[in-house]
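Here's the structure, in structure tokens; my notes come after.
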Amino acid sequence: MPPRHRLALPLAAAHALFMFVWCALRHAAYGSRAHDLGAYHQIFFNASRGTLYNEIEGFHQWSAHFEVGLLWLAGPYRLHPTPLWLLATQAIACAASGLVVERLARRALADARLAVFAMAAALVTPQLLLAEHYDFHSITVCTLPLAVMALGVEEDRPITLALGALVAMSIREQMGLALVAACVAWCVRHGLTRRRALVAAALSALGLGVFAAEVLWIIPSYAGPGPRVFRYVAHYRRLGDTPAAVLRFALTHPLRTLGLALDGERKTYLLELASGAALPTAFGLFYFGANDPVRARIARIWAAARRCLWPLVLATPLLAIQLLSAHPPTFSIHFQYGAPLVPLVAAGAVAGARELESRARGGARLAVLAWLVATSLHALVTFVPEAWDRGGPLDVAFFRSPRAAALARATSLVPVGAYVSAQDAATPHLSGRVRRWPDAADLADYVLLDERGDPLASPTEIRAAAQELRREPGVRVLVDEAGVMLAQRRAGDADL
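Residue numbers for the sequence shown follow our numbering, beginning at 39 and rising by one.
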């Protein structure tokens, strides 16, 4: 394997810096369109003070996801509570996954410069860019440990595979299933030996055990009053009402399950997820000499599939979780759920380029360049326009507007730790007992309203709510300008 090209590390640093600045500017422009960044901001603010309560959604965070691997973020939050810690962590994790792809490509193609092109193609994949753009989420951070798991499979290093899996499982509950799939992929990629079978069985048992413990016991144990079940099983009601019922349906009706997984927009999602990476994979599988007999072609496809499609085996449980969900954002590249699959898709592309090179000299170069060009064009039409959208990093009109000044003044007047009801776009700018408006609008000490800060509520609805606050006895209006209103019910900070 040749040494790393001198541009690889600068490219990773450039991606991390670019996406951090992009997301920080979007945050400054009040560009959050959902509650994720505000929720995680409040979670780690509260964690730095001794509790993991998700104030935004009103439950203990471990009743949703057992994210013990992110607890270290409470340390920086203790120093200074800001969501910039989250955005920086996510940008670094995604950029580092590109370095893993670069190592995979360098090993497979024996060309350091071509490996940098493969790394660049992975880092401009629209699914990855849009996941980073969509604020912060723990599933996006899993991009790095999934890449490390893929590296362990390709390099036949079970310790590397296990380390990546341990980090992934500490962040997200479904990663136990990914470990099982990685063990299968490992055996597919390198063949089944007695030693490999024993190690794979042990790691698979660990993965299944962790997944079952988290979904059936740990996460439900943190739920509030009522049935103690994994809350997100509701997204799979088409298959069953409990995790056991979902599994039973999938095992007894495999064809119906496959049909549900490929229903509607899910097929389009798969094409968008693969993006330009599908080109090298397809070339590696289906490129033949003009005079090759049919039997030889079939044999080559079978052999190439074992070398090229093992990343698909690793991705299968994560794809199933996405595609079988009835929650549309789960199978859209405009949300974060597919981010961990990007390095796996890239690993398949690298394997395809290697396979093509073995059949046609110079084929790897053409395949990787085609991958980079196609993916860049895809990003150009899906990701780049977000820069000028309302609340985007280049929303110059916002930064110069009276609304920006009013929001800055309003958020500065809310003391740290206060009980606040605010819209999604404003919640990451507040630290305390922050609820999503209209939740707690009649109880909170402070209510922050922005006519243009909620895509789910019309300006007329926001104005009506503001008018009701003005008429409420004992309410003091602190800010009321440019469509922004901050109202205070009573003096004094709310206790956490």
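The beta-carbon is built from N, C-alpha and C at its ideal position, and this holds for glycine as well.
Residue i in three-state terms, based on DSSP
i	result
residue 530	For residue 530, the predicted model reports a pLDDT of 45, less than 50, meaning its position is unreliable; a value from the coordinates is still stated below. If DSSP states are grouped into helix, strand and coil, residue 530 belongs with coil.
residue 270	helix
residue 88	coil
residue 459	strand
residue 467	helix
residue 104	coil
residue 472	strand
residue 363	coil
residue 65	helix
residue 53	helix
residue 433	coil
residue 183	helix
residue 79	helix
residue 200	helix
residue 74	helix
residue 358	helix
residue 40	coil
residue 453	coil
residue 370	coil
residue 155	helix
residue 228	helix
residue 428	coil
residue 277	coil
residue 423	helix
residue 349	helix
residue 396	helix
residue 479	coil
residue 542	Given that the chain is displayed from residue 39 to residue 534, the structure contains no residue 542 and the question cannot be resolved.
Presumed contact (8 Å Cβ cut-off) between residue i and residue j, rounded CB distance
i	j	result
residue 402	residue 152	6 Å
residue 346	residue 376	With 8 Å as the limit, residue 346 and residue 376 do not qualify as a contact, their Cβ atoms being about 20 Å apart.
residue 459	residue 479	5 Å
residue 517	residue 524	4 Å
residue 186	residue 138	6 Å
residue 527	residue 94	Not really, about 20 Å apart at Cβ, beyond 8 Å.
residue 248	residue 224	That pair is no contact at about 18 Å.
residue 432	residue 425	4 Å
residue 314	residue 394	At roughly 15 Å, the Cβ-Cβ gap does not stay under 8 Å, so residue 314 and residue 394 are not in contact.
Option in the options with minimal Cα separation from residue i
i	options	result
residue 365	298, 158, 416, 414	298
residue 305	272, 284, 357, 289	357
residue 453	485, 344, 111, 269	485
residue 552	421, 132, 140	Coverage of the chain is limited to positions 39 through 534, which leaves residue 552 absent and any answer about it impossible.
residue 88	70, 103, 111	111
residue 193	277, 389, 425, 109	389
residue 195	171, 233, 175, 162	233
residue 466	483, 446, 482, 286	446
residue 161	150, 174, 130	130
residue 149	43, 501, 202, 200	43
residue 85	105, 70, 67	105
residue 176	144, 320, 147, 125	125
residue 53	157, 72, 81, 442	157
residue 260	409, 98, 503, 66	98
residue 272	224, 362, 56	362
residue 371	311, 355, 319, 253	311
residue 351	429, 83, 216	216
residue 212	254, 399, 435	254
residue 204	226, 169, 242, 269	242
residue 64	496, 481, 463	463
residue 468	332, 492, 68, 60	68
Residues bridged to residue i [DSSP beta-bridge criterion]
i	result
residue 118	Answer by DSSP bridge pairing: none, since residue 118 is not bridged.
residue 524	486, 517
residue 98	91
Host alpha helix (DSSP H) of residue i (start-end)
i	result
residue 484	From DSSP, residue 484 is part of no alpha helix (DSSP H) but of the beta strand (DSSP E) over 484-488.
residue 379	Looking at the DSSP string, residue 379 is not in any alpha helix (DSSP H), and its letter there is neither H nor E.
residue 211	Segment: none, residue 211 is in no alpha helix (DSSP H) and carries neither H nor E.
residue 416	401-420
residue 346	332-346
residue 248	232-251
residue 322	316-324
residue 496	Unbroken run through residue 496: none, as it is neither H nor E.
residue 109	Segment: none, residue 109 is in no alpha helix (DSSP H) and carries neither H nor E.
residue 306	304-312
residue 297	292-299
residue 164	164-171
Chain B contact for residue i (CB, 8 Å cutoff)
i	result
residue 234	Reference to chain B is not applicable here, since this structure consists of a single protein chain.
Residue i Cβ short of 7 Å to the ligand ATP heavy atom set
i	result
residue 437	Because no ligand of any kind appears in the structure shown, any question about the ligand ATP cannot be addressed here.
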